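There are 2 protein chains.
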Amino acid sequence: MKSKRITIADIAQKSGYSKTAVSFAFNCPERISRDAVEKILKIAQELDYFPDPMARNFSLGRHLSLGFLVPQSFDISMKNPHVVDVLRGIGSVCESYGYTITCIPPLRSSIAEAIKNATVDGIIGMGLEFGSEVQEAFKRRKLPFVCIDAIDEENVISVSIDNKEAAKRQMTEALKRGHRKIAVISLPGAAYLSDNDSPTVAPGVASARNRGYQEAEEEFGINTPFKTYPVLATKEGGEEAVKRILSDERPTCIITMSDIQALGAIEYLERQGIRVPEDVSVMGFDGIYHNVMGKNLCSIDQRGHEKGEKAAEMLFEIIKGNEPENKISLIPFTFEEGETLKDIS
Amino acid sequence: MKSKRITIADIAQKSGYSKTAVSFAFNCPERISRDAVEKILKIAQELDYFPDPMARNFSLGRHLSLGFLVPQSFDISMKNPHVVDVLRGIGSVCESYGYTITCIPPLRSSIAEAIKNATVDGIIGMGLEFGSEVQEAFKRRKLPFVCIDAIDEENVISVSIDNKEAAKRQMTEALKRGHRKIAVISLPGAAYLSDNDSPTVAPGVASARNRGYQEAEEEFGINTPFKTYPVLATKEGGEEAVKRILSDERPTCIITMSDIQALGAIEYLERQGIRVPEDVSVMGFDGIYHNVMGKNLCSIDQRGHEKGEKAAEMLFEIIKGNEPENKISLIPFTFEEGETLKDIS
DNA sequence: AATGGGACATAAACTAGTTTAGGAAGGGAG
DNA sequence: CTCCCTTCCTAAACTAGTTTATGTCCCATT
Numbered sequence: 001m002k003s004k005r006i007t008i009a010d011i012a013q014k015s016g017y018s019k020t021a022v023s024f025a026f027n028c029p030e031r032i033s034r035d036a037v038e039k040i041l042k043i044a045q046e047l048d049y050f051p052d053p054m055a056r057n058f059s060l061g062r063h064l065s066l067g068f069l070v071p072q073s074f075d076i077s078m079k080n081p082h083v084v085d086v087l088r089g090i091g092s093v094c095e096s097y098g099y100t101i102t103c104i105p106p107l108r109s110s111i112a113e114a115i116k117n118a119t120v121d122g123i124i125g126m127g128l129e130f131g132s133e134v135q136e137a138f139k140r141r142k143l144p145f146v147c148i149d150a151i152d153e154e155n156v157i158s159v160s161i162d163n164k165e166a167a168k169r170q171m172t173e174a175l176k177r178g179h180r181k182i183a184v185i186s187l188p189g190a191a192y193l194s195d196n197d198s199p200t201v202a203p204g205v206a207s208a209r210n211r212g213y214q215e216a217e218e219e220f221g222i223n224t225p226f227k228t229y230p231v232l233a234t235k236e237g238g239e240e241a242v243k244r245i246l247s248d249e250r251p252t253c254i255i256t257m258s259d260i261q262a263l264g265a266i267e268y269l270e271r272q273g274i275r276v277p278e279d280v281s282v283m284g285f286d287g288i289y290h291n292v293m294g295k296n297l298c299s300i301d302q303r304g305h306e307k308g309e310k311a312a313e314m315l316f317e318i319i320k321g322n323e324p325e326n327k328i329s330l331i332p333f334t335f336e337e338g339e340t341l342k343d344i345s
Numbered sequence: 346m347k348s349k350r351i352t353i354a355d356i357a358q359k360s361g362y363s364k365t366a367v368s369f370a371f372n373c374p375e376r377i378s379r380d381a382v383e384k385i386l387k388i389a390q391e392l393d394y395f396p397d398p399m400a401r402n403f404s405l406g407r408h409l410s411l412g413f414l415v416p417q418s419f420d421i422s423m424k425n426p427h428v429v430d431v432l433r434g435i436g437s438v439c440e441s442y443g444y445t446i447t448c449i450p451p452l453r454s455s456i457a458e459a460i461k462n463a464t465v466d467g468i469i470g471m472g473l474e475f476g477s478e479v480q481e482a483f484k485r486r487k488l489p490f491v492c493i494d495a496i497d498e499e500n501v502i503s504v505s506i507d508n509k510e511a512a513k514r515q516m517t518e519a520l521k522r523g524h525r526k527i528a529v530i531s532l533p534g535a536a537y538l539s540d541n542d543s544p545t546v547a548p549g550v551a552s553a554r555n556r557g558y559q560e561a562e563e564e565f566g567i568n569t570p571f572k573t574y575p576v577l578a579t580k581e582g583g584e585e586a587v588k589r590i591l592s593d594e595r596p597t598c599i600i601t602m603s604d605i606q607a608l609g610a611i612e613y614l615e616r617q618g619i620r621v622p623e624d625v626s627v628m629g630f631d632g633i634y635h636n637v638m639g640k641n642l643c644s645i646d647q648r649g650h651e652k653g654e655k656a657a658e659m660l661f662e663i664i665k666g667n668e669p670e671n672k673i674s675l676i677p678f679t680f681e682e683g684e685t686l687k688d689i690s
């Protein structure tokens, strides 16, 4: 007794018209007599029929959806407001195009598997490792693709800020204020692979930023290099990194690669009775928290929303068939003054 | 010269096997000789072929994606961390099922249109108005459907906290601390339609909460009713409401229906030199901000993540064909003490 | 030699729409 | 009366896969 679903053929039969006529009644009523349209729609109404959008999209060779490939598990990714900001930017563009946004988490722990199964017109990746399986998956699917935060990667259309310059600015601001003992809370995974680790892996934002930090130190003539503590871009990551930092020599300034790490760091420090910025300065990165524990967070604003918007717009261009003239699109960043960075000079 | 895409038929031809064999090679290699599988996969590799997931899903009558129907525009919705929290919960369940999450914004400003075009196996709606077109759209699409925050609505499978009780608790805590001049920052849209406004519209969370506020007042024998200021659940909404509140008689306590409204309210108040809680107390609702301007925000924690998880799990049950025994699933809430609510008794 | 079973392969139908190419009918012009 | 042009409509092919029902071949039993 499983009620087979009603199709265009049923409506055609009941109405005495052809499938073509029914299709036209829904999609281009002007190509058919007013009379026929009315009859067909009436019968459709009676039978609670509505054209199946998947069959429709399949037939038309489209999906009406853009994919957002999240770097880690969905749960972790969405805990980072910067990722949410980017998604929001993507979403607002999709909305204006009448597209949905498909959030694509790793499938069976594999990003490549997820790409292979994605039913979308194009994909925006963020913080992606370009391992060979991922490249292979994109190659086979022939899916238009834009990457956020994948500078330095050849042949990838990407959107990001100038991470090296932003990091250089961050470090410079700390050095200008007299800080010399500086710890860096960094990012995990591909992000800290150096350029020559593997030719198929993108160096990622972290190594670009590390170069920026180095350049700043060089300009100040400093040769005691900063120490890095790579952790996930989560509050817990920030806490964990601070624990490790405190078990080493205490720095005067902690530079983080993510506001949410800075949040975790500051909360942990204050719980330990270490005041920010009186005892330790902290700098964020992202520009998503203007206020942390009652203090304005000093940070780099990298306009997540704009990054998302730009990536989505570029992707729509590619889907339309227009290759963008420049592969790398740089979004301007700004340095955000804040109370969490103290002048100790 | 438009290169037609490679299909299973091309691989069948080149390999000398049938379409069936190619299909089996990818999906159930054990049903075909080892030899055939190898040959077919080799040719597929050479031609950069991979089965089209949309055609696959279409053929199998599934989508491998759950829809998340956002209440307002995507941009506004995602600015509210509570919505993000819910989405995160949905996403983590989808991820474990190997599903993607399709975020569905209104299509051409119409939620009904969006539903009609959604290519998903089921939909989770949040804060939805059940206007007749929306009901009609669901009826026609025969899509499994779970609604978050739609208590009181008959025949809808829903997940929420007990909004009336939560609000009653909120108001009671304010009254217990001696507050008598109380302003309520409420929610917009369907949310403040009373029960008899229209039979096709869900009364929504706001009216349930209003009943809770009233009950609390009655228990305290108060007959000067609280005044409500309905605005969007955004920071800007909170600011706007406070402006209006301040142009009326200044209350001793502002109860909001959303933490993000509370955030906007507190920031605006402090910018005006009005201290929280010394001059005015503020209560949030959601339990997403533990810290606002250096103060612990007093709020109701409604476990957005759990709401999302529960809704997704129920939806997967329905998709499997198991109707849930109880239509309404209540998630427990907790009252969060905080420094923004002062005892003035 | 006939029978049975397992392994392997495939033709054809099926998913639910869109679209192309063309046919039939009717009306107006030459 | 013929020709042509609309208007209205439809058969059949097309989207790219899966699946059912069947068939063939080969080998081991009776």
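Chains as they are written, first to last, in the working numbering: chain X, 1 to 345; chain B, 346 to 690. By construction, the Cβ of each residue, glycine as well, lies at the ideal position given by its N, Cα and C atoms. What you are looking at is a predicted structure, and each value in this text was computed from that prediction instead of being measured.
Go to residue i, then tell me how far its alpha helix (DSSP H) extends in each direction, as first and last residue.
{"i": "Leu346 (chain X)", "result": "This structure cannot speak to residue 346 (chain X), because chain X is shown only from 1 to 345."}
{"i": "Met314 (chain X)", "result": "304-320"}
{"i": "Ala36 (chain X)", "result": "34-46"}
{"i": "Ser23 (chain X)", "result": "19-27"}
{"i": "Ser360 (chain B)", "result": "353-360"}
Give the secondary structure of residue i by DSSP, where H, G and I count as helix, E and B as strand, and everything else as coil.
{"i": "Ile161 (chain X)", "result": "coil"}
{"i": "Cys94 (chain X)", "result": "helix"}
{"i": "Gly61 (chain X)", "result": "coil"}
{"i": "Asn462 (chain B)", "result": "helix"}
{"i": "Asp195 (chain X)", "result": "Because the pLDDT of Asp195 (chain X) is 31, which lies under 50, any placement of that residue in the model is unreliable, and the question is left without a value."}
{"i": "Lys4 (chain X)", "result": "coil"}
{"i": "Ile619 (chain B)", "result": "coil"}
{"i": "Val479 (chain B)", "result": "helix"}
{"i": "Thr685 (chain B)", "result": "coil"}
{"i": "Ala55 (chain X)", "result": "helix"}
{"i": "Val625 (chain B)", "result": "coil"}
{"i": "Val637 (chain B)", "result": "strand"}
Let's test the definition: count the other Cβ atoms within 10 Å of the Cβ of residue i and tell me whether it reaches 16, buried, or not, exposed.
{"i": "Asp286 (chain X)", "result": "buried"}
{"i": "Arg141 (chain X)", "result": "buried"}
{"i": "Gly308 (chain X)", "result": "buried"}
{"i": "Lys424 (chain B)", "result": "buried"}
{"i": "Asp494 (chain B)", "result": "buried"}
{"i": "Ala183 (chain X)", "result": "buried"}
{"i": "Pro416 (chain B)", "result": "buried"}
{"i": "Asp259 (chain X)", "result": "buried"}
{"i": "Asn402 (chain B)", "result": "buried"}
{"i": "Gln170 (chain X)", "result": "buried"}
{"i": "Thr224 (chain X)", "result": "exposed"}
Locate the beta strand (DSSP E) running through residue i, then write down its first and last residues.
{"i": "Asp301 (chain X)", "result": "299-301"}
{"i": "Leu675 (chain B)", "result": "673-675"}
{"i": "Gly470 (chain B)", "result": "467-471"}
{"i": "Ser186 (chain X)", "result": "182-186"}
Based on Cα-Cα distance, which residue from the options lies nearest to residue i?
{"i": "Gly609 (chain B)", "options": "B:Ser592, B:Leu577, B:Pro596, B:Thr597", "result": "B:Leu577"}
{"i": "Ser77 (chain X)", "options": "X:Gly127, X:Asn210, X:Pro230, X:Gly61", "result": "X:Gly127"}
{"i": "Ala354 (chain B)", "options": "B:Cys373, B:Val382, B:Ala389", "result": "B:Ala389"}
{"i": "Glu270 (chain X)", "options": "X:Gly284, X:Thr256, X:Val292, X:Glu249", "result": "X:Val292"}
{"i": "Ser505 (chain B)", "options": "B:Ser477, B:Val627, B:Ala381, B:Gly470", "result": "B:Gly470"}
{"i": "Ile600 (chain B)", "options": "B:Gly666, B:Asn372, B:Lys572", "result": "B:Lys572"}
Subject >> Complete runs of the alpha helix (DSSP H) confined to the region 552-607 of chain B [at least 4 residues] >> reply: Runs of the alpha helix (DSSP H) inside the region 552-607 of chain B: 580-592.
Subject >> Contiguous beta strand (DSSP E) assignments of at least 3 residues, all confined to the region 66-113 of chain X >> reply: Runs found: 100-104.
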